[in-house]
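Numbering (our numbering), first residue to last: -3 to 763.
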């Protein structure tokens, strides 16, 4: 998230230097990964720039400081045709000095007869970026003759100033730009690039970052709520909204803006969008992007007249927006002109004539706004974040809007985004706003109250904070606060009133109940509050302390110790550990019963996934034999020898409690290929077989001190050929070892090579 400080300062007074702000933001979880200076640089960088020579290369945009005396705001006095060149003009510029200067330019946005435009003007000696170099190469401006006319300066493009790569035309500043003022004072900025982690999507907006800065620095926050002027008739006279699949769309709001004129957005909006990495397009499109970066609410603008025409084509007099799942195989053409085939997991925004947008991802080509648009239906919604994430990934349609929707947009933000978007569209397009908001909100967001006490802070964070200090931190984060005696709170807990309690109600003292602000969907339990307290208090301020209590008695973890011993023993025997998927398919279990596939375990014997990624990974394994064979099948394409082992779990519903399956701790060994791959000494090309596997098992049991209790008995098994045995420990069968049956080898495409497999239960070996 790119955050220009000039934009940020509209909402919060920043009382500390930039370097300190960067450090404090990073320590509070808002990692600043890059800082871009536009026209201004830290003092050490300014010194380096003064030592630069023409032709030196800087690393990218925003890497030169604008000389305060040589790069200023200028005003065009007149534009004349160049006498010796058709594509050049002579521009006379007033830049606050006693006499104006004349420069030669080929800028297409200055034409003979123009005057009064405010421009970025550089005089001789200014250091600029060479607009025609492949890299960001610097140049020192000096007077020169161009087609016989001396040019005494330059009217600058964005690339020449290091703002962006744009150099097709010069910068035209707003009419109120003060002539002669240093351009660094007017356009100079510092842009922080903040890494937005998935749990902090609330900072994917300028206002979201402003809230954090205010909490961290205790600076005053001034966020004006959007306001608009509306006129009848109301918006619901123009359109209706119905959410059919409310599990995928939590809220959908819409407004109507009438009689707008499509034109370029004003300079201030376009410049801010460029600073955050967006290309200005038109006032309508730019407003939707501006509100998204300002508030974090993605918007989508539909051409209302196109929607109305679609409604009338099917005999309707009113637009109706329907939010539903796509039909299996439904076709839809997105804004990029691609015809997409959808499935029923994709959420669609539709009218009664068909789909008009993919919810949270991209709009449709048929209803997009254009230069001819006069009436707009503005959408502001909250979609189910996992569905948007999956849809954007499936369709390969990443966007800033999908990025925010896929991490969760609070439903309470929808009307705010709608009001702000409509307000700006009316201001910049000269339109009027219909009264009210069309709003479908099936399940309003519940108010969440979470308890915390000073004892919780002391226990979990290791810091002593008073009740007042905790309340101060939470209020800075805009939590609602009430304090309640613990006995009274305990009674309410017994009645089941709070949603979730993690506080020991048996102790004495007050409980602080914090109500999360509407934009904090991530706060549900006491641990969430403790994290917020630690962030704002400062992780670097938490002292290092020794444990005050005695360490509890340490007990053996026998299963873990056995597994570690087995790993050492089997690795020393020359085997390589593998970790196979715990997920497999019933079809592969049938391959293990080549003579009687119907005798394989039925579906009721497996733990099934409700929504598997593929049928090959649809059930949890019951044993290790199948997943070991899958591993051999994959890897023997690339090698002719494998000697592996795995230690892990298998899952059997019949051993569970009716809710969760029973877990069985198993180990498996697989051998195939030459016994010794050889080297300078020759090796042994004979294939590994049953006796190699049995020998490894005997050595393993001997190292475990259990060989005297182990017996190998010849017993047939459907997975093995004639060379097979059952493994008994103190008279109890714990596993089997043998050479895989040729038909099973064939089913897994393993060819004619012998495969020795051993699998056994570890639980009987635990002391």
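Here a beta-carbon is modelled for each residue, glycine too, at the ideal position from N, C-alpha and C. Just so it is clear, the structure is predicted and the values come from calculations on it, not from any experiment.
In the DSSP annotation of this structure, the continuous segment of the beta strand (DSSP E) that includes residue 447 starts and ends at 445 to 448. Counted as a single uninterrupted DSSP element, the alpha helix (DSSP H) harbouring residue 289 occupies residues 279 to 291. For residue 2, the uninterrupted alpha helix (DSSP H) segment begins and ends at 1 to 4.
Across the structure, residue 372 and residue 634 are spaced so that their CA atoms are roughly 60 Å apart. Residue 256 is positioned such that its CB atom lies closer than 8 Å to that of residue 426. Of the residues 251, 459, 280 and 253, the one whose Cα lies closest to the Cα of residue 265 is 280.
Straight through space, the alpha carbons of residue 336 and residue 746 are spaced by roughly 40 Å. Residue environment for residue 332: exposed (fewer than 16 other C-beta atoms within 10 angstroms of its C-beta). Taking 8 Å as the cut-off, the Cβ atoms of residue 756 and residue 737 do not count as close. Looking at the DSSP output, residue 642 sits in a beta bridge with 664. With a 10 Å radius around the Cβ and a threshold of 16 neighbouring Cβ atoms, residue 302 comes out buried. Annotation: the continuous beta strand (DSSP E) that includes residue 116 extends over 114 to 119. Judged by DSSP in its simplified three-state form, residue 309 adopts helix. The beta carbons of residue 666 and residue 638 sit closer together than 8 Å.
Annotated as proximal: residue 533 and residue 469, with beta-carbon spacing under 8 Å. In this structure, the beta-carbon distance from residue 96 to residue 75 does not fall below 8 Å. If you keep only unbroken alpha helix (DSSP H) runs of at least 4 residues inside the segment 718 to 761, you get 738 to 743. Per the coordinates, the alpha-carbon of residue 386 lies some 31 Å from the alpha-carbon of residue 644.
The beta carbon of residue 708 sits closer than 7 Å to those of 690, 721 and 723, all from its chain and outside the five residues before and after it, given in chain order. As a beta-bridge residue in DSSP terms, residue 77 pairs with 85. In the three-state reduction of the DSSP assignment, residue 635 falls in the coil class. Looking at the backbone, the Cα of residue 443 and that of residue 521 are separated by about 13 Å.
Per DSSP, residue 374 is one residue of the beta strand (DSSP E) stretching across 372 to 379. When beta bridges are read from the DSSP output, residue 707 appears opposite 724.
DSSP lists 375 as the beta-bridge partner residues of residue 296. In this chain, residue 129 is not harboured by any beta strand (DSSP E), its DSSP state being neither H nor E.
Beta-bridge partners of residue 33 (DSSP): 186. Judged by beta-carbon spacing, residue 754 lies beyond the 8 Å limit of residue 703, meaning their Cβ atoms are not closer than that value.
Below 8 Å, too few C-beta pairs join the segment 73 to 89 and the segment 21 to 41 to call them touching: fewer than three. Within the same chain, and ignoring the five residues on either side of residue 166 in sequence, the residues whose Cβ sits closer than 8 Å to its Cβ are 101, 103, 105, 106, 115, 116, 151, 152 and 153. Take residue 561, set aside five residues on each side of it, and the residues of its chain with a beta-carbon closer than 8 Å to its own are 699 and 700, in chain order. Here the alpha carbon of residue 210 sits roughly 8 Å from the alpha carbon of residue 9. Note that the C-beta distance between residue 310 and residue -3 is not below 8 Å.
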